[in-house]
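Below: the structure, in structure tokens.
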Amino acid sequence: MRRPNFITIWDRAGLAVVVLSSWAVFAIFAEGFTSKFNVFSVGRLVSILIVVGLAQTVVMGIGDINLSVGAVGGVVAMFFGWLVAPTQLGTAGLASGAPQDVTALPGLGINWQFAFILALLFGAALGFINGWLIVRSGLHGFIVTLGTMGVFSGSMYIITKVKAFRNLPEGFLGFGKMKFFDLLSPLVFIMLGVVVFLFFFLRSTTPGRQMLASGANRRAALASGINVNRIVISTHMLSAALAGLAGIMLAARIGSAIPTIGTGGGGDWLLPSFAASAIGGTLFTGGSVNVVGTMFGGLLLGTVENGLNLLRVPGFWVQMITGLVLLLAVILDRIRVVAVERSRMGAAQ
Amino acid sequence: MRLNLRSVVRAEAFVLFIVVLLGATALSLVSSQFLQTFNIYVLLYNVALSTLVAFGQMVVVATGGMNISLGAIGGLSAVVAAMLMEWHGWPLWLIIPVVLLGGTLMGFINGFLTVKTGISAFVITLAMASAYTGASMAITNANPIYGIYESVRSLGQARIGVFPWPAVATMVVMAGLATWFHRMTSGRQVLALGGNRTAAELTGVPIGRRVIQAHVISGLIASIAGFLTMARVQAGAPTIGNAWLLPGFAAIVIGGVLLEGGKITIVGVLLGVAILELIANALAISHTDPFFVTLLQGALVLVAVILGQARRRMMAKGRVRPLGALPSTEPRAE
């Protein structure tokens, strides 16, 4: 049995310590950080960030990257909005009392729970396009998803004419505002469900293990009979479905499906998706993912964002800090991997 | 190299040249607006600026890396230039070197971190992009700075007939890159290490220094592009460079630059940009939804890389496949 030392303990629990201390700091300095309403809104914000991060984490697990997370999130949110928005735009009930909302679009008006499933499947279909192109062309995910990013969001902008789906069904809006114990949004439980699912999927199921094996060593995975192409495609489908889920969650949070979900407005998802994964200890080289780490990474990013907002720090500082934290995380990860290996070797002697 | 007809026809860029020629001919037949002096001027201006962006990306791609922060460097350069004009009233002969030095410095930071940490250029430049963008947002408080000098404004509109004066900068950069990549040891070494890093290292190429150099040149080109864009839009907007990533990559993959590194083509990239800008011009003339540009750029990236891959496979088919080689699932480049 290895004697636990500081480095191996920090390797397991360091991030949780960082998150807890950031909570402590903001609780002391940022007024209103611990208020019930703020905890509720941080919960919604963080849940979306974590799901976005996980969409990137799974792709990083196979040693690939997905630049189209934001585009897919936006497209799926708009698809969902189209499915659930009423077929005829009402003239009454608008907050402004205006005769007609010219920036809103009519939809199909179908049941939102059913539409939710359809939208996730649509997301998976977009992921299939990514994965299929990568497998068929043999190119790296970077350039393929850069291309599909333009195609997905470009088509969505053209089709929707950059209008939004407002007047979403009451049930869905209520879902976004729902509170458990006057504190937690159902989005938090969706996020936790995704984390638990992915944790066990990647740890103890055959397809999950095959994913990581393909990421760690593609040739070895092929030689041991894994259908790597199928794994690549299904991983991209999973990633896009998660990005779509995050898009719908954001639509629930803001109460409408707007075209800039995932790519603008609240900032592009690309950077936070990598930052959450890298802070959590998922490697860019593939083969190793840390689902719980991504959860803590997203928790840290969301907490810092919210805390800085409460301290009235302008939003662009948050983006800058996210970038520097990403940089710090990958550099520390380098050092950490070396340190952990060294301490293991020391313990073995 | 002897220039004969056969070698010209067999060159990859020849196909692109034919496409540009056909596109321009078709446009001039379909639309009477296309050949108007002002439209050609706008087209050439767009080509000049987009070519700089594409070159900035190509230099780093030549090493097998990429520069996600290209637009962020351009944006920060534009903002700093405008800031020095409006708030500090520096003379222009001082501002231009400072801005170019700033771009060089940002490129150096990218290259230095990439080399010293051993982390992929993608991650480093993604992280640094947010730092640079954050800085330009912080300087401007997310609003454009309008108080730029009259001389810079007139530079942004200076032209002789259809020729925009700022395009001179593009031509200088083009000549510089051609000399560096084809005539100078350091440029050749960048291509060598992009093609095969281990082999280059064994033959004594200072890998780290060359990678940093490529990032520095990329940063310099980005700051030139940022400054010229500022002169054109007549404001130091922090949003300059926001959308440089997709068109930059689109132009280089259409032009035939290898994303794995080691192969560049200056003429190809110029023609790639020309194709993209002809399409954008056609869409503008026909008053089509401007979002078609994004869609088409994305689609052209996919078409170009897939065609390039297919051509390489066809060329490889003639050769004997090494024993035990696995089909199409080679470990892909980072």
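Protein chains in written order, with the working numbering: chain A, 4 to 352; chain B, 1247 to 1580.
Beta carbons are placed, not taken as given, at the ideal position from N, Cα and C, and that holds for glycine.
Residue 1347 of chain B and residue 1285 of chain B have their C-alpha atoms roughly 34 Å apart. Rounded to the nearest angstrom, the gap between the Cα atoms of residue 31 of chain A and residue 1389 of chain B is 33 Å. For residue 156 of chain A, the closest Cβ of chain B is nearer than 8 Å. For residue 1396 of chain B, the enclosing alpha helix (DSSP H) has its first and last residue at 1396-1403. Chain A places a beta carbon closer than 8 Å to that of residue 1547 of chain B, counting this residue as a contact. Residues of chain B with a Cβ closer than 8 Å to the Cβ of residue 59 of chain A do not exist; the shortest Cβ-Cβ separation is about 12 Å. In this structure, the straight-line span from the alpha carbon of residue 237 of chain A to that of residue 1378 of chain B is close to 36 Å. Cβ neighbours of residue 246 of chain A within its own chain (closer than 6 Å, five residues either side excluded): 58, 72, 75, 76. Counting only the Cα atoms, residue 1368 of chain B lies some 7 Å from residue 1313 of chain B. For residue 156 of chain A, the uninterrupted alpha helix (DSSP H) segment begins and ends at 144-163. It is roughly 16 Å from the alpha-carbon of residue 1324 of chain B to the alpha-carbon of residue 1296 of chain B.
When Cβ-Cβ separations below 8 Å define contact, residue 1358 of chain B makes no contact with chain A. Taking the CA atoms as reference points, residue 1500 of chain B sits about 43 Å from residue 116 of chain A. Using beta-carbon distances, residue 1374 of chain B counts as an interface residue toward chain A, with a partner under 8 Å. For residue 70 of chain A, the three-state secondary structure derived from DSSP is coil. Within 10 angstroms of the beta-carbon of residue 53 of chain A lie 16 or more other beta-carbons, which makes it buried. Chain B places no beta carbon closer than 8 Å to that of residue 229 of chain A, leaving this residue out of the contacts. C-alpha of residue 1507 of chain B to C-alpha of residue 311 of chain A: approximately 41 Å in a straight line. Between residue 48 of chain A and residue 308 of chain A, the gap from beta carbon to beta carbon is short of 8 Å. Exclusion of the five residues before and after residue 91 of chain A leaves 109 as the residues of its chain whose Cβ lies within less than 7 Å of its Cβ. Taken in chain order, the complete alpha helix (DSSP H) segments of 4 residues or longer contained in the region 1343-1425 of chain B are 1367-1386, 1396-1403. Put simply, the backbone Cα of residue 320 of chain A is about 46 Å away from that of residue 1281 of chain B.
In this structure residue 83 of chain A is buried. Its beta-carbon is surrounded by 16 or more other beta-carbon atoms within 10 angstroms.
Taking the beta carbon of residue 236 of chain A as reference, no residue of chain B falls within 9 Å; the closest one sits roughly 12 Å away. For the set B:1446, B:1413, B:1498, B:1447, the Cα lying nearest the Cα of residue 1474 of chain B is the one of B:1413. For the pair residue 226 of chain A and residue 126 of chain A, the CB atoms are not nearer than the 8 Å cut-off. Taking a C-beta distance under 8 Å as the contact criterion, residue 275 of chain A and residue 209 of chain A do not qualify as a contact pair.
Taking 8 Å as the cut-off, the beta carbon of residue 178 of chain A is found no closer than this to the beta carbon of residue 81 of chain A.
In the three-state reduction of the DSSP assignment, residue 1526 of chain B falls in the helix class, which pools H, G and I. Taken through DSSP and simplified to helix, strand or coil, residue 171 of chain A comes out as coil. The beta-carbon of residue 1366 of chain B is placed less than 8 Å from the nearest beta-carbon of chain A. Segment contact: the region 1415-1422 of chain B against the region 1348-1362 of chain B, fewer than three CB-CB distances shorter than 8 Å; contact not assigned.
Residue 1468 of chain B has a beta carbon lying at 8 Å or more from every beta carbon in chain A.
With 16 or more neighbouring CB atoms inside 10 Å of its own CB, residue 1537 of chain B falls in the buried class. By the Cβ rule, the region 287-298 of chain A counts as touching the region 214-233 of chain A, because three or more pairs are nearer than 8 Å. Taking a C-beta distance under 8 Å as the contact criterion, residue 43 of chain A and residue 259 of chain A do not qualify as a contact pair.
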